[in-house]
Amino acid sequence: NNWLTCDSYGKLVNEYLPNSHFHQRSFLFYQQFRLQKKDVDLTLRLSTHHGEIPVYVYENNVDGIMQNRVCSGEGINFFTVCSWKFNENIELQLKFFDYLDRSNKAEFYFQVLTRF
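FYI, in our numbering the residues of the sequence shown are 32 to 147.
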């Protein structure tokens, strides 16, 4: 029973237009950890990107939201997603996202799921 997983992901985008001598590169790299126990599921990701070409990357979120973040320029960011089942009828889900090298960019999601 694997209760802790670790994923690494890297992406390099290379754009070249021979007639205009246009050449740009971008990269994105992240390290993600996921802890799954009986009633708790916790994901933490640290990501860095550099370059002018937009790089798209899928991000975990609370149920019902599918998010592909667009990364361009330079940046270091992280997010954490947590779900906690209080009982079989109530589940709390949270997500917090922020850039480590920018201010005023934090995002917070909160959701309570009920099943009756």
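Backbone N, C-alpha and C define an ideal beta-carbon position, used for all residues, glycine too.
Here the structure is a predicted model, which is why all the values come from computation and not from measurement.
- Its Cα nearest to that of R76, the residue C37 stands out among C37, F139, S51.
- With a threshold of 16 other beta carbon atoms within 10 Å, Q55 falls short and is exposed.
- Following the DSSP letters along the chain, one finds F60 inside the beta strand (DSSP E) bounded by residues 53-67.
- When C-beta atoms of the stretch 80-89 are compared with those of the stretch 116-124, fewer than three pairs fall below 8 Å, so the two segments do not count as touching.
- F58 is positioned such that its CB atom lies no closer than 9 Å to that of T74.
- When the five nearest sequence neighbours on each side are left out, the beta carbons in the same chain lying within less than 6 Å of the beta carbon of Y47 are those of H54, in order along the chain.
- Proximity to F117 across T111, V143, M97 peaks at V143, based on C-alpha coordinates.
- In the DSSP assignment, G104 falls within the unbroken beta strand (DSSP E) covering 98-116.
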